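These protein sequences, in sequence, are chains A and B.
With my numbering applied, the first sequence corresponds to residues -16 to 186, in that order.
With my numbering applied, the second sequence corresponds to residues 101 to 304, in that order.
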Amino acid sequence: MKKQCVFLKALPTQSKYFREDKVLSQCVKILDQYKLSNEILKDIKVLILTMHQDQRHLLNNKQLLMEFIQAGGTIIIQGQIAMPFLDCLIPFNPAGQLTLEEYEISFIQPHSVFQGINPLSLNCRRGVRGFYARGSNPPPEDATILTTIKRGTISVDWEWSYGLGRVFVHSGNDIWTSFKDSEDNIDITRNLVSWAIQENPEK
Amino acid sequence: MSNLIAAIDAGTSYHHVALNDERWAHMIDERWYLPDLDQYDFSHVDVIIATCRSNPDLLSPHKVRFQEFLDEGGTIVAFAGTDPAQWLPNIESKSVSTNYWWWLEADPQSELEIASPKHPLFDALSLTEMTWHHHTRFIPPEGAVSLINHNDGSSVFYEDKISTRGRLLITGLDPFFHHGSYFMPATTRFLEKFLPWLNDSSEV
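See the structure below:
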């Protein structure tokens, strides 16, 4: 089966699940960040980015990335934006000091990425909160907000459509580090990849 | 006299935030973009900081240049996630499972202790400001000075003035990553005190 999805690896120690999980390894190809090219993007439907990405390099490739989305591609963005490398992005806005309750995740829109996941299990490990999100990559007005912290006021996960494609933004650590147990991390990553490779309903 | 400091900037959000924090940005004279490392002249700075999680695969092609810089008396500081054994001389590291949770235990023990209390670093920093978690431990070469020990006898932060004519400061701590990710206030306190110490150190 031809792999339609690329994980853009930024660090040598990354990509364990994409190498080892039997489902993820069948559909995700691992590519070094600096090998990103128009030829690669022409051949795939989904580009998965990590919180460790060289955003300066992505910014230098902004036009390429925007054209990929416009043509029907899906980009998954994770981490905190410092250098807005797509039109829909502006720099990360830290939430500052929040109470434990304010760190709780609220699901605003049902979404298959979060299917089977209890929102209270996100962002809280051993009573410590803020692992999933500690602020927001502020969404554009026409984005669809999926999850928030601070009782609906700070957007964490959101989707944005452009041309025939779309973007999924997660304003926190890589989604496959959300939970303590690997099984839970694999489940949410499978959800994410499964959502991304399905046909874009707006295409 | 101040040291001229260059810090590696891998283009990540956390490097961007941490290196440009106005509390210490003026102490970092140059930011060297990691993929363009071959374009920078190592010889005109006193200190090179390999910031946390700078990709060792991009540092290792410059191994000879780092060695030359050290042989000219330079200082290199390597933080966690840079795998210094790949690109610096005489490094023996121990991969460890990071315990993020020690401070939640009934009798919290960081398992760290100051190994060389008379070292000038401790005029600037206390153990508390160097304690959150660590990702790597090291077996320093003979003659090097461990600054922070783990209770298993390995080092979490050491200084090596023996292996080259310069100075290596090697640590398993990751302050740039956490401060730049707005997470872990101890890392902010570390940078607030460590960078002025590095900037003013009279030992170089």
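Ideal Cβ placement from N, Cα and C applies to all residues, glycine included.
Note that the coordinates shown come from a computational prediction; the quantities given were computed from them, not determined experimentally.
Using a Cβ-Cβ cut-off of 8 Å, state whether F75/A counts as contacting chain B.
Locating residue 75/A in the first sequence gives position 92, where the first residue counts as 1. Judged by the 8 Å Cβ criterion, F75/A is in contact with chain B.
Between D157/B, L295/B, I270/B, G280/B, which has its C-alpha nearest Q186/B's C-alpha?
In the second sequence, the residue the question calls residue 186/B occupies position 86. Checked all of D157/B, L295/B, I270/B, G280/B; the closest Cα to Q186/B is D157/B.
Taking its Cβ as the centre, do 16 or more other Cβ atoms sit within 10 Å of R267/B, making it buried, or is it exposed?
Mapped onto the second sequence, residue 267/B falls at position 167. Answer is buried; the Cβ neighbour count reaches 16.
What's the C-alpha gap between K163/B and L188/B?
Here residue 163/B refers to the residue found at position 63 when the second sequence is read from its first residue. Here residue 188/B refers to the residue found at position 88 when the second sequence is read from its first residue. The straight-line gap from Cα to Cα measures roughly 7 Å.
Name the residues in the segment 122 to 145 of chain B whose C-beta lies less than 8 Å from a C-beta of chain A; which are they?
Listed in sequence order: Y133, L134, P135.
Can you find the residues in the same chain that come closer than 6 Å, C-beta to C-beta, to F189/A, ignoring five residues on each side of it along the sequence?
Only positions -16 to 186 of chain A appear in this structure, which leaves residue 189/A out of reach.
Would you say N249/B reaches chain A, if we count a Cβ-Cβ gap shorter than 8 Å as a contact?
On the second sequence, position 149 is the one that residue 249/B refers to. Not closer than 8 Å to any Cβ of chain A, the Cβ of N249/B fails to qualify, so no.
Count the other CB atoms, across all protein chains shown, that sit within 10 Å of the CB of L83/A; report buried if there are 16 or more and exposed otherwise.
In the first sequence, counting from the first residue as 1, residue 83/A sits at position 100. Per the 10 Å Cβ criterion, exposed.
With G118/A and S154/A assumed to form a contact (beta carbons below 8 Å), what rounded beta-carbon distance in angstroms separates them?
Residue numbering aside, residue 118/A sits at position 135 when the first sequence is read from its first letter. Residue numbering aside, residue 154/A sits at position 171 when the first sequence is read from its first letter. Confirmed, Cβ separation roughly 6 Å.
Distance check for R153/B and F277/B, CA to CA, integer angstroms please.
Taking the first residue of the second sequence as position 1, residue 277/B is located at position 177. Taking the first residue of the second sequence as position 1, residue 153/B is located at position 53. Going by the C-alpha atoms only, they are around 7 Å apart.
Apply the 10 Å Cβ neighbour rule to A244/B and answer buried if 16 or more other Cβ atoms are within range, or exposed otherwise.
Numbered from 1 along the second sequence, position 144 holds the residue referred to as residue 244/B. Burial call: buried.
Beta carbon of P240/B, beta carbon of Y258/B: below 8 Å?
Along the second sequence, read from residue 1 onward, the residue named residue 240/B stands at position 140. Along the second sequence, read from residue 1 onward, the residue named residue 258/B stands at position 158. Yes. Within cutoff.
Measure the CB-CB distance between R237/B and H250/B and report whether it falls below 8 Å.
For the purposes of this step, residue 237/B is identified with residue 137 of the second sequence, where counting begins at 1. For the purposes of this step, residue 250/B is identified with residue 150 of the second sequence, where counting begins at 1. Yes.
According to DSSP, is F290/B helix, strand or coil?
The residue you call residue 290/B lines up with position 190 of the second sequence. It is helical.
Give a yes or no on whether the minimum CB-CB distance between I108/B and chain A is below 8 Å.
As a working note, residue 108/B is residue 8 in the second sequence. Output row for I108/B: interface = no.
Which term fits I73/A, buried or exposed, when burial requires 16 or more other beta carbons within 10 angstroms of its beta carbon?
Residue 73/A sits at position 90 when you count from the first residue of the first sequence. I73/A is exposed by the Cβ-count criterion.
If the criterion is Cβ atoms closer than 8 Å, does the pair L104/B and V145/B meet it?
As a position in the second sequence, residue 104/B is number 4, starting the count at 1. As a position in the second sequence, residue 145/B is number 45, starting the count at 1. For L104/B and V145/B, yes; Cβs fall inside 8 Å.
Along chain A, in chain order, which residues have C-beta atoms closer than 8 Å to that of P156/B?
Position 56 of the second sequence holds residue 156/B. Near P156/B (Cβ distances below 8 Å), the residues of chain A are P(-5).
For I149/B versus I191/B, is the C-beta distance shorter than 8 Å?
Translated into the one-based positions of the second sequence, residue 149/B becomes position 49. Translated into the one-based positions of the second sequence, residue 191/B becomes position 91. No. Outside cutoff.
Under 8 Å between C-beta atoms, does R149/A make it to chain B?
The residue given as residue 149/A occupies position 166 in the first sequence. Answer no: the Cβ-Cβ gap between R149/A and chain B never drops below 8 Å.
Report the three-state DSSP secondary structure of K28/A (helix, strand or coil).
Residue 28/A sits at position 45 when you count from the first residue of the first sequence. If DSSP states are grouped into helix, strand and coil, K28/A belongs with coil.
Helix, strand or coil for S119/A? Go by DSSP, reduced to three states.
Residue mapping note: residue 119/A aligns to position 136 of the first sequence, counting from 1. Three-state DSSP puts S119/A in a strand.
Just the Cα atoms here: how many angstroms apart are L291/B and Q46/A?
Taking the second sequence and counting its residues from 1, one reaches residue 291/B at position 191. Taking the first sequence and counting its residues from 1, one reaches residue 46/A at position 63. Roughly 36 Å between the two C-alpha positions.
With a threshold of 7 Å on Cβ separation, who are the neighbours of P161/B within its own chain once the five nearest residues in sequence on each side are excluded?
As a position in the second sequence, residue 161/B is number 61, starting the count at 1. None.
Should M101/B go down as buried or exposed, given a rule of 16 or more other Cβ atoms within 10 Å for buried?
Position 1 of the second sequence, counting from 1, holds the residue named residue 101/B. Per the 10 Å Cβ criterion, exposed.
Is the beta carbon of T33/A sitting closer than 8 Å to the one on Q(-3)/A?
Reading the first sequence from its first residue, position 50 is the one you call residue 33/A. Reading the first sequence from its first residue, position 14 is the one you call residue -3/A. Closer than 8 Å, so yes.
Consider the Cβ of G118/A: report whether some Cβ of chain B lies at a distance smaller than 8 Å.
Locating residue 118/A in the first sequence gives position 135, counting from the first residue. Cβ-Cβ to chain B under 8 Å: yes for G118/A.
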